[in-house]
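*Asks:* Chains as they are written, first to last, in the numbering used here: chain A, 233 to 459; chain B, 312 to 457.
Could you have a look at this structure, given as C-alpha cells, before my questions?
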C-alpha cells in the first residue's frame with residue numbers, strides 16, 4: 233500500500249455498502265459510533281436503488297433539479313458508473329444475484345462473494361474496488377466484522393498520510409469509507425439514528441429527494457489502485 | 312390464438328399475480344433488469360429461488376422434526392428463506408415467513424409447524440402460477456417469430 237504511494241500511484245479505499253435484512257438498535261448504534269456506515273439500504277435492494285446508492289456514496293454526479301425523473305437519471309447514472317468495480321458480499325444467493333444484475337445494468341464490473349471471509353481474501357492480493365455492498369447478517373462473520381479490517385487499512389493509510397497531502401489533488405489524506413447498510417426490517421426507533429449520522433436511502437425513495445442528497449454529497453473522488 | 316390475443320392474456324395473468332397479492336413491486340424490479348443483454352433474467356432468478364428454497368424447505372422440515380426444537384436454527388433458515396422470497400417479490404410467501412419467525416421467536420413449535428404448512432402451500436401455488444406465466448411468455452415469443 234505504501235509502496236504504491238511512493239511509486240507515484242495513489243491508493244484507494246473502497247466504499248462499503250452494507251446490506252442487512254434486520255438490524256437492531258444496538259447494532260446500529262455500534263455501527264454509527266464506529267463511523268462504520270453512512271447509508272442504509274432496504275433489503276431486498278430495489279434495482280433502481282443499487283446504482284443510485286452507488287453514485288451517492290461515490291460522490292459522483294452533478295446537481296440536478298428536484299423533480300427530474302428517474303428514467304433520465306438512470307441513463308445519466310449509467311455513464312457515470314460505467315467501469316466502476318464493485319464487490320457484493322451476501323450469503324443469500326438470490327439477493328446477491330439481484331444486486332449483481334442491478335449493478336451490471338449500469339455497466340459496473342461486479343464480483344460476488346458469499347461470506348465475509350471470502351471477501352477478505354480478495355483484500356490480500358492487489359485489488360481495485362470502488363465499493364463493497366455488504367450484507368450485515370451473515371453466518372460466521374457478519375458485515376461489521378468483515379468490514380473492520382477494511383477500516384483498519386483505512387486508519388493505517390490515514391496515519392501514513394497524516395499531515396501529508398496528495399500532491400495531485402492537494403487534499404489531505406482523510407479517507408472515509410461511506411457505508412450503506414441494507415435492512416428489510418428498519419426499526420422505527422432507529423430511523424432517527426439513521427437520519428442523524430447516516431445517508432438514509434432505505435425508503436422507497438422519492439426521486440427528487442434522492443437527487444438532493446446526491447447533490448449535497450457531491451465531491452470529487454480519485455480513482456486509485458490499492459495494492 | 313393470435314399474437315395480440317396471447318399478449319393480452321399474458322398481461323392479464325401478470326396483472327392478476329399482483330392484484331391477488333402473490334407478487335409485489337420487487338418482481339417489477341426484476342422485470343426492469345431484463346433486457347437484450349439479459350433476456351431471461353426474471354426466469355433465472357425465479358429458478359434460482361426455487362432451487363434455493365427447496366433445499367431450505369428440506370432443512371427446515373428436518374429441523375422441525377428434531378426434539379428439542381432448535382428455534383435458533385429454524386430462525387436462521389427462515390431468515391434465508393425470507394431473504395430469498397422477498398428478493399423475487401414473492402409477497403405471500405414472504406409474509407408467511409414473517410409469521411413463522413414470530414412463532415419461532417416465541418418458542419412455539421406447534422405454531423411453527425402450522426405456519427410452515429402455509430409457507431409450503433404458498434410456495435407451491437406461486438411456483439405453479441409462475442411456471443404457467445413463463446410458459447405463456449415462451450409461447451408468445453415463439454408466436455412472434457413465426
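Backbone N, C-alpha and C define an ideal beta-carbon position, used for all residues, glycine too.
Remember, predicted model here, so these are calculated numbers, not experimental data.
Would residue 434 of chain B count as contacting chain A if we go by Cβ distances under 8 Å?
*Replies:* no
*Asks:* Just checking my contact of residue 335 of chain B with residue 400 of chain B at CB under 8 Å: how many whole Å lie between their CB atoms?
*Replies:* 5 Å
*Asks:* By how many angstroms is the C-alpha of residue 416 of chain B removed from the C-alpha of residue 332 of chain B?
*Replies:* In this model, residue 332 of chain B and residue 416 of chain B are separated by some 26 Å (Cα to Cα).
*Asks:* CA-CA distance, residue 369 of chain B and residue 447 of chain B?
*Replies:* 30 Å
*Asks:* Which residues, taken in chain order from the segment 310-329 of chain A, show a beta carbon closer than 7 Å to some beta carbon of chain B?
*Replies:* Within the segment 310-329 of chain A, the residues whose Cβ lies closer than 7 Å to some Cβ of chain B are 324, 325, 326, 327 and 329, listed in chain order.
*Asks:* Tell me, which residues are paired with residue 321 of chain A by DSSP?
*Replies:* A:345 and A:366
*Asks:* Determine the direct distance from the alpha carbon of residue 383 of chain B to that of residue 390 of chain B, and round the result to whole angstroms.
*Replies:* 10 Å
*Asks:* Examine chain A for any beta-carbon lying closer than 8 Å to the beta-carbon of residue 356 of chain B, and answer yes or no.
*Replies:* yes
*Asks:* Does the beta carbon of residue 348 of chain A fall short of 7 Å from some heavy atom of the ligand FMN?
*Replies:* With respect to the ligand FMN, the structure offers nothing, as it holds no ligand at all.
*Asks:* Secondary structure at residue 448 of chain B, three-state DSSP: helix, strand or coil?
*Replies:* helix
*Asks:* Just tell me which of A:343, A:385 and A:388 has its CA closest to the CA of residue 366 of chain A.
*Replies:* A:343
*Asks:* Which complete alpha helix (DSSP H) runs does the segment 320-362 of chain B hold, if anything under 4 residues is left out?
*Replies:* 336-344
*Asks:* Straight-line CA distance for residue 317 of chain B to residue 334 of chain A?
*Replies:* 29 Å
*Asks:* If you follow the alpha helix (DSSP H) that residue 405 of chain B is part of, which residue opens it and which one closes it?
*Replies:* 402-416
*Asks:* Could you check what DSSP says for residue 274 of chain A in three-state terms: helix, strand or coil?
*Replies:* For residue 274 of chain A, the secondary structure class from DSSP, reduced to helix, strand or coil, is strand.
*Asks:* What does a CB cutoff of less than 7 Å around residue 422 of chain B pick up in its chain, not counting 5 residues either side in sequence?
*Replies:* 414
*Asks:* State buried or exposed for residue 384 of chain A, treating a residue as buried only when at least 16 other CB atoms are found within 10 Å of its CB.
*Replies:* exposed
*Asks:* Write down the C-beta distance between residue 324 of chain A and residue 394 of chain B rounded to the nearest angstrom, noting that I regard them as a contact closer than 8 Å.
*Replies:* So it is a contact: roughly 4 Å between Cβ atoms.
*Asks:* Could you tell me how far apart the beta carbons of residue 372 of chain A and residue 349 of chain A are, in whole angstroms, since I believe they sit closer than 8 Å?
*Replies:* 7 Å
*Asks:* Looking only at its own chain, which residues have a Cβ that is under 8 Å from the Cβ of residue 378 of chain B, when we skip the five neighbours before and after it?
*Replies:* Excluding positions up to five away in sequence, the list is empty.
*Asks:* What is the DSSP secondary structure of residue 457 of chain B, counted as helix, strand or coil?
*Replies:* Shown here, residue 457 of chain B sits in coil according to DSSP, grouped into three states, outside any helix or strand.
*Asks:* CB residue 326 of chain A to CB residue 359 of chain B, shorter than 8 Å?
*Replies:* A distance below 8 Å separates the beta carbons of residue 326 of chain A and residue 359 of chain B.
*Asks:* For residue 331 of chain A, name the three-state secondary structure that DSSP assigns.
*Replies:* helix
*Asks:* Less than 8 Å between CB atoms is the rule here; does residue 287 of chain A satisfy it with respect to chain B?
*Replies:* Contacts with chain B at 8 Å (Cβ-Cβ) do not include residue 287 of chain A.
*Asks:* So what's residue 386 of chain B in DSSP terms, helix, strand or just coil?
*Replies:* Of the three classes helix, strand and coil, the one that applies to residue 386 of chain B here is helix, per DSSP.
*Asks:* Here's the rule I'm using: 16 or more other beta-carbon atoms within 10 Å means buried, otherwise exposed. How should residue 456 of chain B be labelled?
*Replies:* Per the 10 Å Cβ criterion, exposed.
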